Amino acid sequence: DAKTTQPTSMDCAEGRAANLPCNHSTISGNEYVYWYRQIHSQGPQYIIHGLKNNETNEMASLIITEDRKSSTLILPHATLRDTAVYYCIVRVLGYGNKLVFGAGTILRVKS
Amino acid sequence: SAVISQKPSRDICQRGTSLTIQCQVDSQVTMMFWYRQQPGQSLTLIATANQGSEATYESGFVIDKFPISRPNLTFSTLTVSNMSPEDSSIYLCSVLGGGTSGGLSSYEQYFGPGTRLTVT
């Protein structure tokens, strides 16, 4: 699996957009970008994934650069409940392709 | 999404003993995984639990220490054997759906709540 690089931690004001960057410069053509988050003492939760187009769902937006070497997860209106560790993972989509977690980014949303 | 339950939710065990953790899913799933999360660390994959055959272990993990069973498509167990304080971690079960069967997407991996193990 290609490796990802994320900042160790970030702070965001409540109500503002949280933009979490991820570098994946060695990503292969068939690897997707996934984002998960882990709120304290809970199992990781799926947020969003994409291949090369920007994606949006009810939780977040995912912006992938044209060369696919980096991406940004956007939480449009961060709340205190969004405080968590956010993991950017690249993997091949499909049967049996497991998730390999890096260190992630600790996002602290402050009032 | 899948509902995954784990038992026990937490336990405190003596050094040298073994603990078996159960993982139950409310839908049939193709793949089941076991992860470990040591204090303050990220998740590390221990093994893939294969239905009807031996588990596939990641580098650094062996069957004698972490025997795994998967008797059917909704259930798996992980045993932590001959425990030492270094085994104190959260152990998480995770599943991957197969296509859209049972409403589980093959692109989403779901996680259980975890079992918090403390070895004294």
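Protein chains in written order, with my numbering: chain H, 5 to 115; chain W, 2 to 121. Even for Gly, the Cβ is constructed at its ideal location relative to N, Cα and C. Computed from a predicted structure; not experimentally measured.
According to DSSP, residues forming a beta bridge with residue i
| i | result |
| --- | --- |
| H:Glu35 | H:Val96 |
| H:Gln46 | Answer is none; H:Gln46 lacks a bridge partner. |
| H:Lys114 | H:Ala17 |
Neighbour flag for residue i against chain B, beta carbons, 8 Å
| i | result |
| --- | --- |
| H:Ala88 | The chain labelled as chain B is not found among the protein chains of the depicted structure, namely H and W. |
Helix, strand or coil at residue i according to DSSP, with G and I counted as helix
| i | result |
| --- | --- |
| W:Pro72 | strand |
| W:Asp88 | helix |
| H:Asp86 | helix |
| H:His53 | strand |
| W:Gly100 | Here the model assigns W:Gly100 a pLDDT of 49, short of 50, so the residue's position is not dependable, and the following value carries that caveat. Coil. |
| W:Asp27 | coil |
| W:Pro1 | Shown here, chain W extends from 2 to 121; a query on residue 1 of chain W therefore has no answer. |
| W:Phe34 | strand |
| W:Ser95 | strand |
| H:Pro25 | strand |
| H:Asp71 | coil |
| H:Ile78 | strand |
Residue i classed as buried or exposed, judged by whether at least 16 other C-beta atoms fall within 10 angstroms
| i | result |
| --- | --- |
| H:Glu2 | Not covered by the structure: residue 2 of chain H. The range shown for chain H is 5 to 115. |
| H:Leu79 | buried |
| W:Gly100 | Its pLDDT being 49, under 50, W:Gly100 is placed unreliably in this model, and the value from its coordinates should be taken loosely. Counting Cβ neighbours within 10 Å, W:Gly100 comes out exposed, since fewer than 16 surround it. |
| W:Ser90 | buried |
| H:His53 | buried |
Presumed contact (8 Å Cβ cut-off) between residue i and residue j, rounded CB distance
| i | j | result |
| --- | --- | --- |
| H:Arg95 | H:Ser13 | The Cβ separation is near 24 Å, so there is no contact. |
| H:Tyr104 | W:Leu97 | As written in the sequence, residue 104 of chain H is Val, which differs from the Tyr given in the question. Incorrect: roughly 14 Å between the Cβ atoms, too far for contact. |
| W:Thr78 | W:Ser70 | 5 Å |
| W:Phe112 | W:Ile5 | 7 Å |
| H:Leu77 | H:Leu66 | 6 Å |
| W:Thr119 | W:Ile13 | 5 Å |
Task: Where the stretch 31-46 of chain H meets chain W: residues whose CB sits under 9 Å from a CB there - done: Tyr36, Tyr38, Tyr40, Gln42, Ser45, Gln46
Task: Against chain H: residues of the stretch 23-45 of chain W by CB proximity under 9 Å - done: Thr31, Met32, Phe34, Tyr36, Gln38, Gln42, Ser43, Leu44, Thr45
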